[in-house]
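One line per chain: the protein sequences are A and B, in this order.
Per our numbering, the first sequence starts with residue 1, numbered consecutively.
Per our numbering, the second sequence starts with residue 1, numbered consecutively.
Heads up, the beta-carbon is just placed ideally off N, CA and C, and yes, glycines get one too.
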Amino acid sequence: MSKMTLKTEGDTHVIVTRHFAASPEAVYHAHTDPELIKKWLLGPEGWSMPVCISEARPGGKIRYEWTNGKGGGFHLTGEYLELNPCSRIVHVERMHLPDPTPDNHVETTFDRDGEGTSLTIRMTLPDEQTRANMLASGMERGMEASYLRLEEMI
Amino acid sequence: MRTKARTFAKNRLTISYHLYKLLQMDDLDAKFAALADPTRRAILARLSQGEATVNELVDPFEMSQPAISQHLKVLEGAGLIVSRVDGAKRPRRLAAAGIEAMDQWLAMLRTALEKNYDRLDEVLAGINQNKNGEIR
Chain A
1 MSKMTLKTEG DTHVIVTRHF AASPEAVYHA HTDPELIKKW LLGPEGWSMP VCISEARPGG
61 KIRYEWTNGK GGGFHLTGEY LELNPCSRIV HVERMHLPDP TPDNHVETTF DRDGEGTSLT
121 IRMTLPDEQT RANMLASGME RGMEASYLRL EEMI
Chain B
1 MRTKARTFAK NRLTISYHLY KLLQMDDLDA KFAALADPTR RAILARLSQG EATVNELVDP
61 FEMSQPAISQ HLKVLEGAGL IVSRVDGAKR PRRLAAAGIE AMDQWLAMLR TALEKNYDRL
121 DEVLAGINQN KNGEIR
């Protein structure tokens, strides 16, 4: 079963969807509670998030700092714009590598789906160039291939 | 400097990093840009079934021959397809090396994103166990 989808929409959007076997309340909290965020938003093995600031209110700050424990690291900052508890989050974020990347405007929705939750992330990048040169379409293609492989494995 | 380079390589594995920085990788940049077009993706899908000439591609796509040729030029420039000479024809086929380079990159990307969500599954399972109707 392939759970995650990733596709482009229009010129500047990237849409990610994923199903979770938990209530929208639980998935929402896992996206806003710093203690929970630190447990999963880590990327590859070996990385941790020693600093996680998530002020889940309009205008609240977001700051995630990652480290690989060997002196390597980088961080992300952002601001919450709108929060509808347990159903929707709108925020902006940027990576510092160390120069800040263009703002990514992100709308995350949590919809009840049977016993679980359907998560939809809608990213809006500042312009077509930022997104088009990038991976979006290529990611989609690669993801599809990966899901096909995954389906064969299961 | 070596350590820095290694850190840089590792950082690349995070999803957001990919989202913004992939375009800075020269070789992959052209490949993804070439893919940011539905017709070119369809051409690749067609070529995945075997090589084809420009004329063989014109019919199914209902586009002019120059338009198809332009798309093929972009794909060839990106290293995603190659052509060979067969008399007056120049059949195109997928370039295995180019496709594979992108595939490996995407596999890493998918792994990082899936890993986050697999971990979230575990976190959520923990929340469910503890809650009995209450979150946290």
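**OP:** Below 8 Å on the Cβ atoms is my guess for Tyr80(A) versus Ile62(A); work out the distance and round it to an integer in Å.
**Re:** Confirmed, about 7 Å.
Original post:
Using a Cβ-Cβ distance under 8 Å, would His41(A) count as near chain B?
Top reply: Residue identity check: residue 41(A) is Leu in the sequence provided, not His. Cβ-Cβ to chain B under 8 Å: yes for Leu41(A).
**OP:** Please go through the same chain and pick out, in chain order, the residues whose beta-carbon is closer than 6 Å to the beta-carbon of Ile15(A), but skip the five residues on each side of it.
**Re:** Lys7, Glu9 and Arg122
Original post:
Straight-line CA distance for Phe110(A) to Ile37(A)?
Top reply: 16 Å
Subject >> Contacts that Val74(B) makes with chain A (C-beta to C-beta distance below 9 Å) >> reply: What Val74(B) touches in chain A: nothing, since even the nearest Cβ is about 13 Å away.
Original post:
Tell me, which residues are paired with Glu107(A) by DSSP?
Top reply: Val90(A) and Arg122(A)
Original post:
In chain A, which residues lie less than 9 Å from Glu62(B) when you measure between Cβ atoms?
Top reply: Within chain A, no residue comes near Glu62(B); the closest Cβ sits about 21 Å away, beyond 9 Å.
Subject >> Separation of Val54(B) from His96(A), as counted between CA atoms >> reply: 45 Å
**OP:** Quick one: which residues of the region 1-23 of chain A get their C-beta closer than 9 Å to a C-beta of chain B? List them in chain order.
**Re:** Lys3, Met4, Leu6, Thr8, Val14, Val16, Arg18, Phe20, Ala21, Ala22 and Ser23
Original post:
Does the beta-carbon of Glu35(A) have 16 or more other beta-carbons within 10 angstroms, so that it is buried, or is it exposed?
Top reply: exposed
Subject >> N- and C-terminal bounds of the beta strand (DSSP E) containing Leu81(A) >> reply: Gly73 to Asn84
Original post:
Is Glu35(A) helix, strand or coil when you go by DSSP?
Top reply: Looking at Glu35(A) - three-state DSSP - the assignment turns out to be helix.
Original post:
Can you tell which of Ile127(B), Gly126(B) and Lys115(B) has its C-alpha closest to the C-alpha of Trp40(A)?
Top reply: Lys115(B)
Subject >> Range covered by the beta strand (DSSP E) that runs through Ser48(B) >> reply: Element bounds for Ser48(B): n/a, residue is neither H nor E.
Original post:
Can you list, in chain order, the residues of its chain whose CB lies under 6 Å from that of Glu122(B), leaving out five sequence neighbours each side?
Top reply: none
**OP:** Run down chain A in chain order and give the residues with a C-beta less than 9 Å from the C-beta of Ser119(B).
**Re:** Reading off the sequence shown, one finds Arg at residue 119(B), where the question assumed Ser. Per Cβ cutoff of 9 Å: Lys39, Trp40, Leu41 and Leu42.
**OP:** Pull up the distance between the alpha-carbon of Thr67(A) and that of Phe74(A), whole angstroms please.
**Re:** 7 Å
Subject >> Cβ-based neighbour list, Pro58(A), same chain, cut-off 7 Å, excluding 5 preceding and 5 following >> reply: Tyr80, Leu81, Glu82 and Leu83
Original post:
So which residues on chain B does Ala30(A) lean against when the C-beta distance must stay under 8 Å?
Top reply: Leu120, Val123, Leu124 and Ile127
Original post:
For a contact meaning CB atoms closer than 7 Å, what does Leu36(A) contact in chain B?
Top reply: Val123
Original post:
What are the boundary residues of the beta strand (DSSP E) that includes Glu65(A)?
Top reply: Lys61 to Thr67 is the extent of the beta strand (DSSP E) around Glu65(A).
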